[in-house]
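Undergrad: Take this structure, written in structure tokens, and hold onto it; I'll ask about it next.
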Ligand code: 5CA
Ligand code: ZN
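Residue numbers (the working numbering): 36 to 447.
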């Protein structure tokens, strides 16, 4: 499907350091070393509601990775999916009496507008689950030929025991896996399964649900097989990074890895599994099912500067869990105003050390709070908040405008 229009990203004269990222699977910091273009897969939205600040935080986090790689001299191939057929989408469509296709198209379009406003670089391929059904079917057939699937009634299941590395991505013990599987769309108690953790890869047709013909009978693909098939097709094996929110560590990313590792034995799905923390609101994870949401589009409709929204997200490290507050949003909007004031002077405090610090911070596990602190210090020195304005660098503003845009995605 169509992505969204790309922001113009300046090319910096300074080359950033190699990008280090925390890997969920090993718990270690990994220096990414892309062979050719860096290959990134990010789990996209299930389009049954508008983009909330939690989604936005996750997409901005992986946008920082995209930018850090580019600034380190790599090309980037970026793929993102849209789960445009799945249980929650169908349930919501029924509840609000809207055709599920129409609901998905409407919310996907709003998501594109939100991402454009936040200056998130679009994926090279934004791929819908529906348009990828042939890829999912092909992957299920490969798993079937390897004896890694079985049927229960009209549903096809993946045997987690077929993957000797199953559990490596999350590192969770079995009790944790069982609990999370039940909480996050799995069916541990379904009778007839060989292992309670086995997940559905093809869901046989149910009355009132959309379905597609397949060698396994009419039905639709399971959630995990979709992302596995899309990533493997567009990025190949052992791509550099799979990203998403930490609510996807298990079962989603573990199952994706399992499918891929069985289908292409001896390889890993991704080299690094990277997860953004959960953004909460009113004391709980911001989630469509809980309804405690702040929408990007609602803020935009109230004329909140999208760069203020983006800065409010950047003020938190991507791996931490944090609470969205209106007070922090207004602080960030004020900060953008004062940075613009400092940048409007043209000359300012020396820019070169700030550029080096911003690039180093972002290459160091996407440390945006450290990068924005460097800009704060520069703006304070330039405006002379201590009474001593520093305008010793005549090109400071031009230099910093470029790095703010290229590295942090802030166009001021
Ligand atoms: N379509 C699937 C992934 S294949 C999905 O999880 N969709 S979603 O719409 O529920 O979430 C979209 C992305 O936002 C996912 O990467 C998810 O991990 C992330 N996300 C969801 N809620 C939050 C939150 N409160 N804070 C941070 N990230 C979140
Ligand atoms: Zn996914």
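Note that beta-carbon positions come from the ideal geometry of N, C-alpha and C, so glycine has one too.
For a minimum of 3 consecutive residues, which ranges assigned as the beta strand (DSSP E) are wholly contained in the segment 97-130?
TA: 111-117
Undergrad: Please list, in chain order, all residues of the same chain as residue 432 whose beta carbon is under 7 angstroms from its beta carbon, the five residues on each side excluded.
TA: 378, 380, 381 and 383
Undergrad: Within 10 angstroms of the Cβ of residue 271, are there 16 or more other Cβ atoms? Answer buried if so, exposed if not.
TA: Here residue 271 is exposed: its Cβ has fewer than 16 other Cβ atoms, across all protein chains shown, within 10 Å.
Undergrad: When DSSP labels each residue in this structure, what does residue 94 get in the three-state scheme?
TA: The three-state reading of DSSP puts residue 94 in helix, counting H, G and I together.
Undergrad: Any heavy atom of the ligand ZN closer than 7 angstroms to the beta-carbon of residue 234?
TA: no
Undergrad: Candidates 41, 249 and 56: which alpha carbon is nearest residue 397's?
TA: 56
Undergrad: Under 8 angstroms by Cβ, that's how I've got residue 44 and residue 108 pegged, so tell me the actual separation to the nearest angstrom.
TA: Rounded, the Cβ-Cβ distance is 14 angstroms, inconsistent with contact.
Undergrad: Report the residue from 408, 262, 375 and 386 whose alpha carbon sits nearest the alpha carbon of residue 172.
TA: 262
Undergrad: Measuring CB atoms only, is the segment 150-163 touching the segment 239-253, in the sense that at least three cross pairs come out at less than 8 angstroms?
TA: no
Undergrad: According to DSSP, is residue 143 helix, strand or coil?
TA: helix
Undergrad: Relative to the C-alpha of residue 513, which candidate in 336, 334, 348 and 411 has its C-alpha closest?
TA: Residue 513 is absent from the model: the chain starts at 36 and stops at 447.
Undergrad: I'd like to check one pair, residue 446 with residue 342: are the Cβ atoms closer than 8 angstroms?
TA: yes
Undergrad: In chain order, what residues of the same chain have a beta carbon less than 8 angstroms from the beta carbon of residue 53, not counting five sequence neighbours either side?
TA: 66, 67, 68, 107 and 398
Undergrad: Within the structure, which residues are defined as neighbours of the ligand ZN by a Cβ-heavy atom distance below 5 angstroms, reported in chain order?
TA: 78 and 262
Undergrad: Is any non-hydrogen atom of the ligand 5CA found closer than 7 angstroms to the C-beta of residue 212, if you look at the structure I gave you?
TA: no
Undergrad: Which residue or residues does DSSP assign as beta-bridge partners of residue 426?
TA: For residue 426, which the question treats as bridged, DSSP gives no partner whatsoever.
Undergrad: Where does the unbroken beta strand (DSSP E) through residue 57 begin, and where does it stop?
TA: 55-57
Undergrad: Check residue 314 in the structure and name its three-state DSSP category.
TA: Residue 314 falls in the strand class under three-state DSSP.
Undergrad: Taking 6 angstroms as the limit between beta carbons, can you name the residues of its chain near residue 97, skipping five residues before and five after?
TA: 77 and 278
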